[in-house]
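Data first, discussion second: the structure below is written as structure tokens.
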Amino acid sequence: MRLNPLLLVAISACIAAPLSAQGSSSQEMPEQKFLDQVEAPGHVLITARGADAVNAEARRKGLKFPAVGYWSPDNVCFSNPPKGDCNGLFTR
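Just so you know, the sequence shown maps onto residues 22 to 113 in the working numbering.
This is the structure we're talking about:
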């Protein structure tokens, strides 16, 4: 069976597009972009020490993954060990 090359390109695009739209879950959002999302309907703000603690609290509360985004004033969300408070936005 021989597959049409255009069909393969179309399938690849369908798979890759949703992944690129989700953003990176291992880097922080720009401050203003994050703050603009805080008041959006259905968004829940979680603050904890480091992204892992933020994610654990979000799971405990039954929030949806992946996170909308993460942000901290000192860019410490993904430092290891955690060096300060990290804010994460999730949807219900």
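Ideal Cβ placement from N, Cα and C applies to all residues, glycine included.
Beta-bridge pairing of residue i - partner residues as DSSP gives them
i, result
"Asp106", "Arg70"
"Phe111", "Val65"
Limits of the beta strand (DSSP E) - the one that residue i falls within
i, result
"Phe86", "85–92"
Cβ-based neighbour list, residue i, same chain, cut-off 6 Å, excluding 5 preceding and 5 following
i, result
"Cys98", "Glu49, Ala72, Tyr91, Cys107"
"Phe55", "Gly90, Trp92"
Segment limits, alpha helix (DSSP H) that includes residue i
i, result
"Asp95", "Here Asp95 belongs to no alpha helix (DSSP H), and DSSP marks it neither H nor E."
"Glu52", "52–59"
Cβ separation of residue i and residue j, assumed to be a contact under 8 Å, to the nearest whole Å
i, j, result
"Val75", "Ile67", "5 Å"
"Pro94", "Arg70", "Not quite, the Cβ-Cβ distance comes to about 14 Å (not below 8 Å), so this is no contact."
Cβ shell of residue i (< 7 Å), same chain only, five flanking positions each side left out
i, result
"Ser47", "Phe99"
"Asn96", "Glu49"
Spatial neighbours of residue i in its chain, beta-carbon cut-off 8 Å, leaving aside the 5 residues before and after
i, result
"Val65", "Ala79, Lys82, Leu84, Leu110, Phe111, Thr112, Arg113"
"Ala88", "Ser46, Val75, Asn76, Ala79, Gly109, Leu110, Phe111"
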